[in-house]
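What follows is a single structure, written as structure tokens, with notes after it.
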Amino acid sequence: MEKQWYTISVYSENNVGLLNRISGIFLKRHINIEGLNVSKSEIEHVSKFTIVVYTTEDWTRKIVQQIEKQVEVIKAFYHTDDEIIYQESALFKIASHLLFDERQIQNIIKESNSQIVTVNREFFVLAKTGRRHEIDEMHDALEPYGIMQFVRSGRIAVTKATMPITELLTEFQEN
Amino acid sequence: METLKAQKKEQQKQTTMRITGAEAIIQCLLAEGVDLIYGYPGGAIMPVYDELYKFQDRLTHILTRHEQGATHAAQGYARVTGKVGVAMATSGPGATNLVTGLADAQIDSTPMVCITGQVPRHLLGSDAFQETDIVGISTPVTKWNYQVTKVEEIPEIIAKAFYIAKSGRPGPVLVDITKNAQFDELDFSYEKCTGVRSYKPVPQPDPQAIEQAAELINKAKKPYIVFGQGVILGEAEAELKALVEKAGIPAAWTILGLSAMETDHPLNVGMVGMHGNYGPNVLTNECDVLVAIGMRFDDRVTGDLNTYAKQAKVIHFDIDPAEINKNVKADVAVLGNAKETLGMLLPLINENKHEAWLAEFEKKHQIEYNELIEKDIHPTKEGLTMGEVIEQINQASGQNAVIVSDVGQHQMIACRYAKFKQTKSNITSGGLGTMGFGLPAAIGAKMGAMDREVVAIIGDGGYQMTIQELGVIFQHNVPVKIVVLNNDHLGMVRQWQELFFDRRYASTVMTNPDFVKIAEGYHIQSRRVTERADLKEAVQEMMASKNPYFLEVKVEKEDNVFPMIPSGASVADIRLK
Ligand SMILES: Cc1ncc(C[n+]2csc(CCOP(=O)(O)OP(=O)(O)O)c2C)c(N)n1
Ligand SMILES: [Mg+2]
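Protein sequence lines, in the order shown, are assigned to chains G and S.
For the first sequence, the working numbering begins at 1 and goes up steadily by one.
For the second sequence, the working numbering begins at 176 and goes up steadily by one.
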């Protein structure tokens with residue numbers, strides 16, 4: 001079966017041990033977590049994990065079944081990139097002199113739709129939000145000039161289709 | 176409604192008492208109907224032991240000689256009673272000694288609650304004396320776990336622990352309680368847990384899936400049932416039997432399903448899996464509809480998945496959605512408690528007989544009987560066989576004993592040849608294959624079913640892993656019957672070495688101590704049998720005894736267990752020799 005990117009969304013109770021429990025499910029099967037984001041969800045006291053993996057659908061489905069089996073997990077889903085609206089963000093720290101020495105850098109900034117967050121004598125910081133490959137492209141473009149620091153966030157995503165979870169969670173809120 | 180709630184609150188207030196966390200733990204256990212726990216004391220759990228001392232007339236604590244023994248005893252108790260087993264240990268090494276039992280209970284779906292003491296909250300994370308992150312360590316081997324650091328949490332968390340351990344697909348739960356929470360006081364009141372909002376233990380059965388299952392079964396020419404422990408855990412034995420009889424379907428079992436249906440039932444065709452029976456394995460690849468009930472297609476059951484039952488339509492009954500399509504793709508998945516789903520299925524099933532199909536099982540059985548069963552249970556060669564010992568136990572017990580086995584050749588022989596009339600009677604470590612399980616599990620089983628005979632069948636290797644639990648048998652005069660089938664080898668591993676490693680017997684030959692003397696050291700009546708002529712009488716003497724009894728049988732040193740599906744081979748390629 002073919003590997004591809006899957007975004008797993010997990011709605012759960014807020015519990016300190018749960019991250020350990022969930023990451024163990026991936027660990028056991030040697031599946032790397034490529035991106036992880038934990039935040040609150042649309043419902044109070046319900047957390048949402050957004051986990052990105054690159055694997056087969058079969059493995060993704062089995063992992064989601066195992067995640068959903070955990071007592072504190074309310075519901076888990078997986079989606080392909082086509083089924084979701086998603087964003088990741090990245091920060092690039094670059095030496096300030098390059099802004100003047102390398103004309104090309106200004107073009108990259110413009111074309112990539114990134115923002116300059118801060119500038120000082122030594123360095124400036126670029127922030128870029130977008131799809132994973134857009135960030136990759138920007139990284140590749142800047143790399144030849146030297147990147148002092150780079151960091152990318154976990155993915156955040158919402159689905160294109162309406163989700164049955166919303167009703168389920170509303171029910172939760174009511175009782 | 177509102178006034179009722181208010182009244183209830185008022186009542187609760189009146190029934191609260193100001194007690195310590197340690198006493199609260201005992202009160203919780205009593206409220207859960209626990210009257211027996213296994214454990215081992217130490218610094219971080221001493222306040223609870225102090226309360227156990229005060230409550231000893233209502234709550235029996237059995238000091239096992241190792242915390243692993245406490246977990247297996249709790250498991251044995253749980254498996255024979257269907258209730259939650261309870262084990263207790265101190266922090267650090269006490270807690271880590273529970274890990275094997277937790278893993279065993281997790282993979283074999285055994286309801287168990289383990290309570291561990293922990294260093295006081297203010298010392299957490301400081302590498303304090305006997306501090307260990309048992310919640311972190313036990314996460315992959317528990318259904319749920321939790322660290323209590325505030326006394327007020329105790330009633331709610333323990334209630335939740337029992338509920339989670341027992342409901343749905345059962346499993347072990349660990350509650351770690353810091354020492355400050357044991358010393359501090361709270362206004363105690365207890366309310367049983369009846370639900371956790373994020374947790375759906377029993378899926379709602381889908382009538383459509385059940386109709387589809389019925390249709391497949393009704394149309395089948397060669398239907399075949401394989402049942403597992405889900406039948407026992409769901410107390411669906413009667414429904415299973417009714418289905419088997421009404422539809423005339425041959426039924427085979429996994430080792431954890433054993434005893435859910437009486438062995439001598441004409442439609443009970445035997446055991447599947449690596450050392451299972453010939454017909455049940457081979458005919459898996461000839462049936463047209465495979466009905467799996469409360470079993471999880473373990474690799475020891477299926478052999479090579481690419482050649483497993485490919486010709487069959489598969490119907491999978493299970494309570495755990497994560498088991499569906501995990502190993503074998505189901506054409507129809509029926510989620511829910513087996514008692515409920517089989518109950519819904521039954522009226523849709525046509526009465527039927529599949530005589531020609533059943534005859535194929537009989538034919539295969541004849542081949543297996545002539546080729547090896549007869550030689551196993553009625554041997555004519557000089558050395559004693561494990562099979563003949565089990566056969567003697569069947570005769571002496573009237574097939575009514577609880578059989579607890581350890582892990583190895585003797586376990587496979589016990590599961591192959593022990594006969595059962597009652598459910599919840601075969602207790603063995605299936606999924607984890609934990610050597611050392613047998614002796615402590617037999618203690619728990621006996622204490623859970625004092626009115627029944629409990630016979631432990633143990634190898635000379637595994638026996639020495641938890642032999643110290645003879646101390647419990649002696650101290651509390653627990654009348655278990657212990658049979659050590661001594662082949663002076665780690666027999667199962669030696670068998671693999673013989674078959675697959677050119678007889679290089681690396682570390683599988685043992686020079687054993689005098690087991691009879693050891694048992695005598697614990698003042699347990701004991702006997703050794705080395706000749707066939709003495710076997711029957713010795714087994715009868717053991718079964719007639721009202722006290723604990725130890726029987727060592729010196730069996731052939733290099734016998735093998737057959738049939739066997741070599742690992743990775745197909746069920747169809749099971750070897751008879
Ligand atoms: C704790 C543990 N360690 C190792 C094993 C691997 N193992 C499986 S069977 C076996 C041999 C058991 O020997 P014995 O108890 O004498 O039983 P026999 O096979 O001889 O009947 C071993 C070492 C195991 N299952 N459990
Ligand atoms: Mg042995």
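Think of the CB as a built atom: it goes at the ideal place given N, C-alpha and C, for glycine as much as any other residue.
Would residue 595 of chain S and residue 425 of chain S be called neighbours here (beta carbons separated by less than 7 Å)?
no
Return helix, strand or coil for residue 176 of chain S, following the three-state DSSP convention.
The predicted model places residue 176 of chain S with a pLDDT of 47, which falls under 50 and marks its position as unreliable; any figure quoted below should be read in that light. If DSSP states are grouped into helix, strand and coil, residue 176 of chain S belongs with coil.
Along the beta strand (DSSP E) that carries residue 446 of chain S, what are the first and last residues, could you check?
443-446
Please report the straight-line C-alpha distance between residue 398 of chain S and residue 627 of chain S, rounded to a whole angstrom.
36 Å
Closer than 7 Å, CB to CB, is residue 20 of chain G near chain S or not?
At least one CB of chain S lies nearer than 7 Å to the CB of residue 20 of chain G.
When you compare only the Cα positions, how much space is there between residue 300 of chain S and residue 170 of chain G?
So the two alpha carbons sit approximately 38 Å from each other.
Fully enclosed by the segment 354-407 of chain S, which alpha helix (DSSP H) runs are 4 residues long or longer?
354-358 and 382-394
Check whether residue 84 of chain G and residue 22 of chain G have beta carbons under 7 Å apart:
No; because the gap between Cβ atoms is not below 7 Å, this pair is not in contact.
State yes or no: is the C-beta of residue 406 of chain S within less than 7 Å of the C-beta of residue 427 of chain S?
no
Looking at the C-beta of residue 63 of chain G, does it have a partner C-beta in chain S at a distance below 7 Å?
no
Which residues in chain G have a C-beta closer than 8 Å to the C-beta of residue 373 of chain S? List them in chain order.
12, 13, 71, 72, 73 and 74
Give a yes or no on whether the minimum CB-CB distance between residue 24 of chain G and chain S is below 7 Å.
yes
With a cut-off of 7 Å, does the C-beta of residue 324 of chain S fall near any C-beta of chain G?
Residue-level contact by beta carbon fails for residue 324 of chain S and chain G, as no gap is shorter than 7 Å.
Compare the C-beta of residue 310 of chain S against all C-beta atoms of chain G and say whether one is closer than 7 Å.
Between residue 310 of chain S and chain G, the shortest Cβ-Cβ separation is below 7 Å.
Any chance the segment 315-322 of chain S sits against the segment 330-349 of chain S, with 3 or more Cβ pairs inside 8 Å?
yes
Between which two residues does the beta strand (DSSP E) holding residue 603 of chain S run?
Note, residue 603 of chain S: premise wrong, no beta strand (DSSP E); not H, not E.
Could you say which of S/440, S/533, S/453 and S/238 lies nearest to residue 265 of chain S if we only look at CA atoms?
When only C-alpha atoms are compared, the closest one is S/238.
Other residues of its chain near residue 310 of chain S: CB distance less than 6 Å, five sequence neighbours each side excluded
Within the same chain, Cβ atoms closer than 6 Å to the Cβ of residue 310 of chain S are found at 320, 322 and 351, the five residues on either side in sequence being excluded.
Suppose you measure from the CA of residue 463 of chain S to the CA of residue 715 of chain S; what does that come to, to the nearest Å?
45 Å
Assign residue 478 of chain S to one of two classes, buried (16 or more other C-beta atoms within 10 Å of its C-beta) or exposed (fewer than that).
Counting the other Cβ atoms within 10 Å of the Cβ of residue 478 of chain S gives 16 or more, which makes it buried.
Can you find the residues in the same chain that come closer than 7 Å, C-beta to C-beta, to residue 609 of chain S, ignoring five residues on each side of it along the sequence?
275, 279 and 582
With DSSP run on the structure shown, which of helix, strand or coil describes residue 454 of chain S?
Note: residue 454 of chain S maps to helix in three-state DSSP.
Do you know whose CA, among S/492, S/698, S/190 and S/380, lies nearest residue 471 of chain S's CA?
S/492
For residue 297 of chain S, count neighbouring C-beta atoms within 10 Å of its own C-beta (all shown protein chains included) and say buried if the count is 16 or more, exposed if not.
So residue 297 of chain S counts as exposed.
Got a sec: does ligand 1 put a non-hydrogen atom nearer than 6 Å to the Cβ of residue 662 of chain S?
yes
With hydrogens ignored, establish whether the beta-carbon of residue 584 of chain S is closer than 6 Å to any heavy atom of ligand 1.
yes
Within 10 angstroms of the Cβ of residue 228 of chain S, are there 16 or more other Cβ atoms? Answer buried if so, exposed if not.
exposed
With 7 Å as the threshold, decide whether the Cβ of residue 352 of chain S is near any Cβ in chain G.
no
Of all the CB atoms in chain G, is at least one closer than 7 Å to the CB of residue 477 of chain S?
no
I need the DSSP call for residue 689 of chain S, collapsed to helix, strand or coil.
coil
Just checking residue 728 of chain S against ligand 1 - is the residue's beta carbon closer than 6 Å to any of the ligand's heavy atoms?
no
By DSSP, does residue 192 of chain S sit in helix, in strand, or in coil?
Residue 192 of chain S sits in a strand when the DSSP states are folded into three classes.
Rounded straight-line distance, which links the Cα of residue 466 of chain S to that of residue 754 of chain S:
This structure cannot speak to residue 754 of chain S, because chain S is shown only from 176 to 752.
Applying the criterion that 16 or more other CB atoms from any shown protein chain within 10 Å of the CB defines a buried residue, is residue 343 of chain S buried or exposed?
buried
State whether the segment 633-642 of chain S contacts the segment 662-669 of chain S, with contact taken as three or more CB pairs (one from each stretch) at a distance under 8 Å.
Here the segment 633-642 of chain S makes contact with the segment 662-669 of chain S; the two share three or more CB pairs at distances below 8 Å.
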